[in-house]
Each structure stands twice: as structure tokens, then as C-alpha cells.
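J.: Under the numbering used here, the letters of the sequence shown match residues 2 to 52, in that order. Beta carbons: idealized from backbone N, C-alpha and C, even for Gly. Note that this is a predicted model, so its numbers are computed, not measured.
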Amino acid sequence: MEDRLAGASGMVKPGLTDQRRLAGLGNLLADEICWRARIAPRWRCPVCQQT
């Protein structure tokens, strides 16, 4: 999943629900991923990169 989302720009949730990057991940799962990772869905994707 990390490889598929690498280089993504824009907000986190639309990046997760983009079917071209990750097929089958719907709205509910995207919300759950953000919740468990303690990431605001409106954050921009570079914030989520590992250090």
C-alpha cells in the first residue's frame, strides 16, 4: 500500500479512495484508516510520509 501511495499529492482521504491507485478501498475503510492512524483526512499527503 505504501508503494502505491508513494508520490501522492493532495488530501489523504481522496488519495486513499482513488481507484487508480488502490482499487476497492471505499469511503468507510478510508475513514477507518485515517482514524486508526490518527491522521486528519483533510491533511495533505506529504504530512504522512515516514521519517
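#1: Where DSSP assigns a beta bridge to R61, which residues make up the other side?
#2: Output yes or no for whether 8 angstroms exceeds the beta carbon distance between L17 and A31.
#3: In its own chain, which residues sit with a C-beta less than 7 angstroms from the C-beta of L26, not counting the 5 before and 5 after it?
#4: How many angstroms separate the CA atom of A24 from the CA atom of M12?
#5: Measure the C-alpha to C-alpha separation of S10 and P42 and round it to an integer number of angstroms.
T.: According to the data block:
#1: Here the chain comprises residues numbered 2 to 52, so residue 61 is not present and cannot be evaluated.
#2: yes
#3: L17, T18
#4: 17 angstroms
#5: Going from the Cα of S10 to the Cα of P42 covers about 13 angstroms.
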